[in-house]
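S.K.: Take -14 as the starting number for the sequence shown in our numbering and just add one per residue.
Built from N, CA and C at the ideal position, the CB exists for glycine as well.
Values in this document were obtained by computation on a predicted structure and should not be read as measured data.
First the structure, which I've put down as structure tokens, then a few questions once you've had a look.
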Amino acid sequence: MISYNLMFFNDNETDVDLLQYEPIAVSVIALLDNAGNEPISIGLHGDWGAGKSSVLAMVQANLASKKKTLCLKFNSWTFQGFEDAKLVLLESLINGILDARPKSVKVKEQAKGLLKQINWLKVAKHAGGLAYNVATGLPSPQQIGGLSNFAKSLLAKGHDAITTTDMDAILCTAKELVSTPDHSASTVPSQVHEFRRDFTTLLDEAGIEKLVILVDDLDRCLPITIIETLEAIRLFLFVERSAFVIAVDETMVEYAVRQHFPDLPGRISPQVYSRNYLEKLIQVPFRIPALGSSETRTYITLLLIEQQLNAEEFAPYLELARKLLMMPWISNGLDRAKIEESIGDVPSKINSSLTLAAQLTPLLTAGTKGNPRQIKRFLNTLILRESIAEARGFNKMIKRPILAKLMLLERFALDEYEQLIAMIATSRDGKPEQIKMLEKGNTKRGTLGDSEPVANWSKNPTVQQWLDLDPKLGGIDLRPYAFVTRDKRMFSGVNGGLGIHEALYEKLKGGALSASGQREAVKKLVDADARAIFDTLREDVLKESSLASKPNEMEGLILLAESHPNLQLPLIDILKSRTPSDLGAWVVSGWNKAFSSEPAQAAFKRLYKTWMNQTENKALRKSATATAKINKIET
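Shown next, in the form of structure tokens:
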């Protein structure tokens, strides 16, 4: 097997600051220091991929040297789906303090009491939910004791899923978990105050003068997870000597609040309410600014030349870049002229990288809106496609600047890109005459043959800017480039690149609201492309530890199956691949359009019957039985 050296740009937070974000981290630390003992919450806002996680990593690294400051990082997305987000956050922080002070007996005893209080929530939730309050948290011992009568009343009404003996056994275990002789609080507010007091005592016993909690990836979570995490911070953990740095796209929090409070009075705007909610929780908001043109150029240049140089060789370029980024408004960024002026002659091995950075900067600045992650994804896809060409043996026919230019059109003007691919496919030698005319500015009707839609290219400023970029494409055989950009192997390559359909994939995986507007785009897909996107979404779903709640990606899978019947049986296979215990009641309905073909309908009926007859998931069996008449499925 031939092995190729495929480099790519890792999307994780990095120790090397290529974006001059260190001043942001230093400013955050200064805010934490100036707060003294007062609790403080800092919102680190920015779009998905703006670099929030990298700033948090810098904050954490800077705080590591402060002996009486404990910095703990909580990744909400990592724990989503395992348990209630509120419980996971509380438990993780207490265990984090335990790990930091492993030899302290007093810390262990105090932490044990707090963990026991958290166990009340777990027991209450799993034993029926009477005492479980999503909005405020801790139940009282009296409330938990009341579960016995509640459970038995359910049994009296005919709910035979759990016997009285079973429930008594659960309650016996619950009382053992939560029994504390000196616990006298009986109301939810008093429970909250007691937890906060005990948590403060834990900080005292641990000798922690400042507890800094870094909350990351909250904007990747479901709305309920976002709300539960924020409520845990607001109610239980916002105590003296505590500080939170919450990295989140504020628009996602606003969306979660609107979802959580859908029935606000008419006089209250959901958007206004959601923003007020966020403002009350976060005292100091800070938004990471998008990269401008000079910053984008510097970032692209650093990414590319870092791959060509060792650490010692790279150091002077990074130092020069940081000087230029101090005042980006008076600089064009890290370019050839600045390097020659400050460092000397440009080494031949980075010459092409500087050329490519100059070519990519104008459109990547506008198209990605200065988003570092999108810039990395573009470069990764470029490198992947070059690797595909090499693996197929025609890499000498591919020139990087030309490939990059075609990818820019693909990324930022998909309709025009599809028109270009059609022109290449129908041309005799892969050299469309229309491109020559367009590059010369000749877009009058009648001059472009049968490709009259191409005349509209002149109305799109992005396309016009693209046409002006070097290199010019007129007279170049573009067939190998068209082939490599449409090769289906790119669907399983580095970073999951989806080529021309990556934007559609992102929308289809975003849930009902995001996917619903893509129906027409999905209908236009050829079956091979639809299957490629389907397979990628399926992999996302199969990575989920449980399907107790409906994955966001499922909406996209359903939409694909509606328009492409050949995907209906593979969609059923996803459901069949999970045991009933892994499924939530949501699976019993909502499939009418997704399973329109006769084979799919028959297969789904068979699967439905297994859900109705199984015994390991009683909630699923009950839901399936209740809706059997609607689905016309005989038991």
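1) Tell me whether the segment 439 to 453 and the segment 339 to 351 touch, counting them as touching only if at least three CB pairs, one residue from each stretch, are closer than 8 Å.
2) Does DSSP classify Leu199 as helix, strand or coil?
3) Have a look at the DSSP bridge pairing and note the partners of Ile193.
4) Can you list, in chain order, the residues of its chain with a C-beta nearer than 6 Å to that of Ser548? Leave out the 5 residues immediately preceding and following it.
5) Buried or exposed: where does Pro465 fall if 16 or more other Cβ atoms within 10 Å of its Cβ makes it buried?
6) Starting from the C-beta of Ala500, find all residues in its chain whose C-beta is less than 7 Å away, skip the five residues before and the five after it, and write them out in chain order.
7) How many angstroms separate the CA atom of Met475 from the CA atom of Leu289?
8) Can the beta-carbon of Leu532 be found closer than 8 Å to that of Asp567?
9) Measure from the alpha carbon of Thr470 to the alpha carbon of each residue in Tyr240, Arg243, Met392, then state which is nearest.
10) Could you please give me the residues that DSSP links to Val269 through a beta bridge?
11) Does Lys323 pass the burial test, meaning 16 or more other C-beta atoms within 10 Å, or should it be called exposed?
12) Flag this pair as touching only if the segment 277 to 289 and the segment 35 to 51 have three or more C-beta atom pairs under 8 Å; answer yes or no.
13) Which residues in the same chain have their Cβ closer than 6 Å to the Cβ of Leu305, if we skip the five residues on either side of it in sequence?
14) For the beta strand (DSSP E) holding Leu545, just list the boundary residues, first then last.
15) I need the straight-line Cα distance from Phe229 to Val257, nearest angstrom please.
16) Taking the beta strand (DSSP E) that Ala232 falls in, what are its first and last residues?
17) Helix, strand or coil for Lys416? Go by DSSP, reduced to three states.
18) Leu388: which of Glu371, Lys578, Ile79 sits nearest, CA to CA?
19) In the DSSP assignment, what residue or residues form a beta bridge with Leu276?
20) Quick one: grab the DSSP three-state call for Asn19.
21) For Gly378, count neighbouring Cβ atoms within 10 angstroms of its own Cβ and tell me buried if that reaches 16, exposed if not.
22) Let's test the definition: count the other Cβ atoms within 10 Å of the Cβ of Thr411 and tell me whether it reaches 16, buried, or not, exposed.
23) Which runs of the beta strand (DSSP E) at least 3 residues long sit entirely within the segment 30 to 102? Give them in chain order.
24) For Gln293, which residues of its own chain have a beta-carbon under 7 Å away from its beta-carbon, when the five flanking residues on both sides are left out?
25) Assuming contact is defined by CB atoms lying nearer than 8 Å, are Leu263 and Glu297 in contact in what I supplied?
26) Should Trp33 be counted as a contact of the ligand NAD given a C-beta to heavy atom distance under 7 Å?
27) The alpha helix (DSSP H) spanning Ile211 covers which residue range?
28) Under DSSP, the alpha helix (DSSP H) around Gln404 begins and ends at which residues?
29) Whose CA, out of Thr595, Gly502, Leu552, Gly496, lies closest to the CA of Val511?
30) Enumerate in chain order the residues of its own chain whose CB-to-CB distance from Trp62 is below 7 Å, with the five nearest sequence positions on each side excluded.
31) Report the option in Leu220, Pro87, Leu196 whose CA atom is closest to the CA atom of Lys51.
32) Alpha carbon to alpha carbon, how far is Leu319 from Asn60? Give it in angstroms, no decimals.
33) For Trp33, which option in Gly355, Phe589, Gln503 has the closest C-alpha, if you only look at C-alpha atoms?
34) Just to confirm, is the Cβ distance from Glu629 to Gly575 under 8 Å?
35) Would you mind working out which of Leu187, Lys58, Asn380 sits nearest Leu100, comparing C-alpha positions?
36) Residue range of the alpha helix (DSSP H) that Pro584 falls in?
M.R.: To lay it out plainly:
1) yes
2) Here residue 199 refers to the residue found at position 214 when the sequence shown is read from its first residue. Reduced to three states, the DSSP call for Leu199 is strand.
3) Here the question's residue 193 lines up with position 208 in the sequence shown. Answer is none; Ile193 lacks a bridge partner.
4) Numbered from its first residue, the sequence shown carries residue 548 at position 563. Here the set comprises Val507, Lys508.
5) Within the sequence shown, numbered from 1, the residue matching residue 465 stands at position 480. Classification of Pro465: buried, given that the 10 Å Cβ count is 16 or more.
6) As a position in the sequence shown, residue 500 is number 515, starting the count at 1. The residues are Lys492, Leu493, Glu540, Gly541, Leu544.
7) Residue numbering aside, residue 475 sits at position 490 when the sequence shown is read from its first letter. Residue numbering aside, residue 289 sits at position 304 when the sequence shown is read from its first letter. Because the pLDDT of Met475 is 34, which lies under 50, any placement of that residue in the model is unreliable, and the number read from its coordinates should be weighed accordingly. The straight-line gap from Cα to Cα measures roughly 21 Å.
8) Counted from its first residue, the sequence shown places residue 532 at position 547. Counted from its first residue, the sequence shown places residue 567 at position 582. Contact: yes.
9) Walking along the sequence shown from the start, residue 470 turns up at place 485. Measuring from the Cα of Thr470, the nearest candidate turns out to be Met392.
10) As a position in the sequence shown, residue 269 is number 284, starting the count at 1. For Val269, which the question treats as bridged, DSSP gives the partners Ile27.
11) Here residue 323 refers to the residue found at position 338 of the sequence shown. With 16 or more Cβ atoms within 10 Å of its Cβ, Lys323 is classed as buried.
12) no
13) On the sequence shown, position 320 is the one that residue 305 refers to. Contacts found: Ser327.
14) The sequence position of residue 545 within the sequence shown is 560, counting from 1. Looking at the DSSP string, Leu545 is not in any beta strand (DSSP E); the run it does join, the alpha helix (DSSP H), is 538 to 548.
15) Residue numbering aside, residue 229 sits at position 244 when the sequence shown is read from its first letter. Residue numbering aside, residue 257 sits at position 272 when the sequence shown is read from its first letter. Taking the straight line from one Cα to the other gives about 24 Å.
16) Within the sequence shown, numbered from 1, the residue matching residue 232 stands at position 247. 227 to 232 is the span of the beta strand (DSSP E), which, as asked, contains Ala232.
17) Mapped onto the sequence shown, residue 416 falls at position 431. Reduced to three states, the DSSP call for Lys416 is coil.
18) Translated into positions along the sequence shown, residue 388 becomes position 403. If we check each option's Cα against that of Leu388, Glu371 comes out closest.
19) Numbered from 1 along the sequence shown, position 291 holds the residue referred to as residue 276. Answer is none; Leu276 lacks a bridge partner.
20) On the sequence shown, position 34 is the one that residue 19 refers to. Asn19: helix per DSSP, three-state reduction.
21) In the sequence shown, residue 378 corresponds to position 393, counting from 1. The residue is exposed, with fewer than 16 neighbouring Cβ atoms inside 10 Å.
22) For the purposes of this step, residue 411 is identified with residue 426 of the sequence shown, where counting begins at 1. Exposed, since its Cβ has fewer than 16 Cβ neighbours within 10 Å.
23) 54 to 60
24) Translated into the one-based positions of the sequence shown, residue 293 becomes position 308. Lys334, Ile335, Ser338.
25) Counting from 1 along the sequence shown, the entry for residue 263 is found at position 278. Counting from 1 along the sequence shown, the entry for residue 297 is found at position 312. Not a contact, by the Cβ cut-off of 8 Å.
26) Summarising the ligand content, the structure contains no ligands, and the ligand NAD is consequently not present.
27) Indexing the sequence shown from 1 puts residue 211 at position 226. Unbroken alpha helix (DSSP H) run through Ile211: 208 to 217.
28) Position 419 of the sequence shown, counted from the start, is the residue given in the question as residue 404. Looking at the DSSP string, the run of the alpha helix (DSSP H) that includes Gln404 is 399 to 411.
29) As a working mapping, residue 511 is identified with position 526 in the sequence shown. Residue Leu552 is the option with its Cα nearest to Val511.
30) By 1-based counting over the sequence shown, the position of residue 62 is 77. Answer for Trp62: Asp202, Arg205, Cys206, listed in chain order.
31) Position 66 of the sequence shown holds residue 51. Selected option, being the one with the closest Cα: Leu196.
32) Position 75 of the sequence shown, counting from 1, holds the residue named residue 60. Position 334 of the sequence shown, counting from 1, holds the residue named residue 319. Distance between the alpha carbons of Asn60 and Leu319: 34 Å.
33) For the purposes of this step, residue 33 is taken as the residue at position 48 of the sequence shown. Of Gly355, Phe589, Gln503, the residue nearest in Cα terms is Gly355.
34) Because the chain spans -14 through 620 in this model, residue 629 falls outside it and cannot be assessed.
35) Along the sequence shown, one-based indexing puts residue 100 at 115. Considering only alpha carbons, the answer is Leu187.
36) Here the question's residue 584 lines up with position 599 in the sequence shown. 583 to 598 is the extent of the alpha helix (DSSP H) around Pro584.
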